[in-house]
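Structure, as structure tokens:
There are 2 protein chains.
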Amino acid sequence: MVKNTPQQTENETTVRATAPSNIALIKYWGKSDATLNWPANDSISMTLSRARTITSATIRSNAPAENCHRLAFRTSATKSIAVRDQEKTTRFLEWLRREIKPYGSAEGALDLLTYNSFPSSCGIASSASGFAALTVAATAAWTGTKNFAELHDLGISRAHLSDWARRGSGSACRSIHGGFVQWERGHSPNTQKINPVFSVEHWPLTDLIVLIDRGAKSTSSTEGHARAFTSPLMNVRLSGLGERLKNCAQAIEGRDLERLGTIIEAESIEMHAVMMTSNPRTDYFGSATINFISWLRKSRAKGEFSAWFTLDAGPNPHVLCRPEDAAAVKATILQNFPSSSVIHDQTGSGAILESEQNFGEFIPGGFDGH
Amino acid sequence: MVKNTPQQTENETTVRATAPSNIALIKYWGKSDATLNWPANDSISMTLSRARTITSATIRSNAPAENCHRLAFRTSATKSIAVRDQEKTTRFLEWLRREIKPYGSAEGALDLLTYNSFPSSCGIASSASGFAALTVAATAAWTGTKNFAELHDLGISRAHLSDWARRGSGSACRSIHGGFVQWERGHSPNTQKINPVFSVEHWPLTDLIVLIDRGAKSTSSTEGHARAFTSPLMNVRLSGLGERLKNCAQAIEGRDLERLGTIIEAESIEMHAVMMTSNPRTDYFGSATINFISWLRKSRAKGEFSAWFTLDAGPNPHVLCRPEDAAAVKATILQNFPSSSVIHDQTGSGAILESEQNFGEFIPGGFDGH
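Here the protein sequences come in this chain order: A and B.
Counting from 0, one number per residue, gives the positions in the first sequence under numbering that gives the first Met the number 0.
Counting from 0, one number per residue, gives the positions in the second sequence under numbering that gives the first Met the number 0.
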């Protein structure tokens, strides 16, 4: 693995992929098989739109060996820094190469340049968007394709890309598709399915991501997943998730935000209760989170707005509301939590390749070194 | 306080009261004022029918002093044992005497003989039925009344009895009334209200109390209540309870058992999550409870029956179902948990005085020394 910083110049053979993050409505927490990323339960998420990772990939002409990939984060329009620990990415890329082989040459080392449209440690799952964008970019580069239609002609569908992205980071599989995506664990690691169950057009919702605590996470998601089954609540949780997921899907189908909101709040508190009762204890529930949630619920009960929260494995809440209410809800949040900042996102349409359409508008100032 | 065992002979001046236990659907957990039993939140319960405390009270003719009450538990049809620690009861009775004074003489020490129709440490709140029966019996004895009509003529309503019973043990207030009872905390300890919101006739339900763990509770409810606010989940819980209680009342009003079931399961798990994340940790969630809950949910999801659980501050689940399904659900439980036993109870009509109606049928073998 070469350590020098790539000063990549995009050329004709460069492909550029972008993938959004997603917010889980029914959470993925705990794995039945950690190596194969086989989740303990089915989950369902909403794909986001503006919170994205953008990754370009070029086959490196003069690499010393096939697995000498170079991964860099773009820090500004002209600068980038090499990623320090490339081991996980390299391992994933070499696994991916073997999957792609039946469909294309998949030869050569890759130069990868990536950046996020959102700040780091903000409650947006960058590993979801990151591994989704990486998978699409690497696949396109190695197969010499420029868009999903060409990939499709080679026999590579979104279902393949989703399944591959999952091996990099579990929740990345849900970011390949748009709208509302259900990840079914199946009966074995190899019978998992990732299904887009409702489109963006079916029900566009707003997700206001409220940054109230910018501290780095004390426990990684990987470590948290591994602890899940030490909680006395874990099996109880799993036994009830089938019904909850069914209810969640019905609420989305019927566009019933109040019903969906009640479900996602109970769901995210339950996941955090599992975390808090794990051994060792994982606790993302600081006073900032508690105060915000309590305020949101009390304000809603008073009829001030119709908005519900969910939480990923971190302290920053996502507030879901109807697009027509978003401006007012956001203003009320900023008025009551003046030191917070709010990222205004919405239901989106999944991963794209550059030649297919524009990347769309990015969040101003959202460029981030990591 | 005299220490000898009372060999009480019931005579013309003996009154006999009986009060059922109740099962909370929205729980009472945590107090805003421990001395005045001012709960942190509103709760709603279903009054039971067969799980009862029966207490007779007689004014003691030759007591050395007014506060020399004697309290004994009946252990068989002819035997009783004196209660060792009578301090809490005596303190409550002296407080109650002052409340009753405006309505009657309230003079003399009381001989009290009591027993439960259910075994101890079984997940049935004996303090609820116990303090409710005690309140009614003592009030009737001190005012020389024999039924609720005579009490009413003196100006003592069920609302008074309920409010008084609450001072003995919070949840006892809900056992005075029948059907579904809401305990509203109000804006101060003195503005609490206990309202029977739906009658027994509105929606009779079955409660199967499943004894899977007969070990004594490791932490008393009093101690558990005191720890509630040390949990990071407590304020989050409180902020969402208004909506949950509203939904619960709507489910009862609409006789929607599936909706009610979903609410009470989430509610009881949340209460136990607060317990488990309190400092020190209170944990009633042993493997027996986890296995039972998981089994119940999975069986229900497979369509085997329509039954939902709730848990009080203990390991033994209460399973709610429609009366017409009760026999089948009970049989399935006993088949899958052959070492458990099931107490078959149902919605009941609150506290009674003997002269008004029969005590009804008691649970065979349910007599218990404590």
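Ideal Cβ positions, reconstructed from N, Cα and C, are used throughout, including at glycine.
Predicted model only: the values in this text are computed from it and were never measured.
How long is the line joining the alpha carbons of Ala64/B and Asp110/B, rounded to whole angstroms? Approximately 13 angstroms between the Cα atoms of the pair.
Look up Glu183/A in the DSSP assignment and say whether it is helix, strand or coil. The three-state secondary structure of Glu183/A, taken from DSSP, is strand.
When you compare only the Cα positions, how much space is there between Leu92/B and Ile22/B? 25 angstroms
Could you compute how far the alpha carbon of Val273/A sits from the alpha carbon of Leu319/A? 23 angstroms
Do Ala330/B and Ala211/B come within 8 angstroms of each other at the CB atom, strictly closer than that value? Note that residue 211/B is Ile in the sequence shown, not Ala. Contact flag unset, no.
Let's test the definition: count the other Cβ atoms within 10 Å of the Cβ of Gln85/B and tell me whether it reaches 16, buried, or not, exposed. Per the 10 Å Cβ criterion, buried.
Are Leu207/B and Ala325/B closer than 8 angstroms when you measure CB to CB? yes
Tell me where the alpha helix (DSSP H) around Asp110/A begins and ends. Premise fails: Asp110/A lies in the beta strand (DSSP E), 108 to 115, not in any alpha helix (DSSP H).
Quick one: give me the first and last residue of the alpha helix (DSSP H) that Phe291/A is part of. 286 to 300
Mind checking if Gly241/B is an interface residue toward chain A, Cβ cutoff 8 angstroms exclusive? With 8 angstroms as the cut-off, Gly241/B counts as an interface residue toward chain A.
So, with DSSP's three-state summary, where would you put Phe308/B? Reduced to three states, the DSSP call for Phe308/B is strand.
Any 3 or more C-beta pairs closer than 8 angstroms across the segment 13 to 28 of chain A and the segment 265 to 281 of chain A: Three or more beta-carbon pairs separated by less than 8 angstroms link the segment 13 to 28 of chain A to the segment 265 to 281 of chain A, which places the two stretches in contact.
Residues in the segment 250 to 274 of chain A with C-beta within 9 angstroms of chain B's C-beta atoms, listed in sequence order? Taking 9 angstroms as the Cβ-Cβ cut-off against chain B, the residues of the segment 250 to 274 of chain A that qualify are Thr261, Glu264, Ala265, Ile268, Glu269, His271, Ala272, Val273.
Give a yes or no on whether 8 angstroms exceeds the smallest Cβ distance from Pro38/A to chain B. No, no contact with chain B.
Alpha-carbon spacing of Gln191/A relative to Ala300/B, whole angstroms: Just so you know, the alpha carbons of Gln191/A and Ala300/B end up roughly 21 angstroms apart.
Kindly say whether Lys297/A, judged by its beta-carbon, lies nearer than 8 angstroms to any beta-carbon of chain B. yes
To be precise: take each residue of the segment 299 to 312 of chain A, compare its Cβ to all Cβ atoms of chain B, and keep it if any distance is under 9 angstroms. Which residues remain? Arg299, Ala300
Do His176/A and Ser161/A come within 8 angstroms of each other at the CB atom, strictly closer than that value? Going by C-beta atoms, Ser161/A is nearer than 8 angstroms to His176/A.
Just to check my reading of the structure: Arg15/B and Glu353/B have Cβ atoms closer than 8 angstroms, yes? What is that Cβ distance to the nearest angstrom? 4 angstroms
Mind checking Ile80/A: buried by the 16 CB within 10 Å criterion, or exposed? exposed
Taking a contact to mean a Cβ-Cβ separation below 8 angstroms, would you say Ala312/A touches Ala33/A in this structure? no
Which residues share a DSSP beta bridge with Thr52/B? In the DSSP output, where bridge partners are listed per residue, Thr52/B has Ala18/B, Asn115/B.
Under 8 angstroms, Cβ to Cβ, is there at least one residue of chain A near Leu232/B? yes
So for Asp344/B, helix, strand or coil by DSSP? strand
Cβ of Val235/A less than 8 angstroms from any chain B Cβ? yes
Cutting at 6 angstroms between CB atoms, please list the residues of its own chain near Glu106/B, excluding the five before and the five after it. none
Would you decide whether Ala139/B is buried or exposed? Buried here means 16 or more other CB atoms lie within 10 Å of its CB. buried
Measure the beta-carbon distance from Ser174/A to Ala227/A and round it to whole angstroms, keeping in mind my assumption that it falls under 8 angstroms. So it is not a contact: roughly 22 angstroms between Cβ atoms.
Below 8 angstroms on the Cβ atoms is my contact criterion, and I expect Arg236/A with Ile262/A to pass it. Report the Cβ-Cβ distance as a whole number of Å. Rounded, the Cβ-Cβ distance is 14 angstroms, inconsistent with contact.
Excluding the 5 residues preceding and the 5 following Leu133/A in the sequence, name in chain order all residues of the same chain whose CB lies nearer than 6 angstroms to its CB. Thr54
If you measure from the beta carbon of Ser238/A to each beta carbon in chain B, is any gap under 8 angstroms? Yes, Ser238/A lies at the interface with chain B (some Cβ there is under 8 angstroms from its Cβ).
Rounded Cβ spacing between Trp37/A and Ser44/A (contact assumed at less than 8 angstroms): About 17 angstroms separates the two Cβ atoms, so there is no contact after all.
Beta-carbon separation (whole angstroms), Ala291/B vs Pro316/B, contact threshold 8 angstroms: Per the sequence shown, the amino acid found at residue 291/B is Phe instead of Ala. Going by Cβ atoms, the distance from Phe291/B to Pro316/B rounds to 6 angstroms, so yes, they are a contact pair.
Are the beta-carbon atoms belonging to Ile123/A and Ser20/A less than 8 angstroms from one another? Taking 8 angstroms as the Cβ cut-off, Ile123/A and Ser20/A qualify as a contacting pair.
Does DSSP classify Pro337/A as helix, strand or coil? coil
Could you tell me whether the Cβ atoms of Ala350/B and Ala39/B are closer together than 8 angstroms? no
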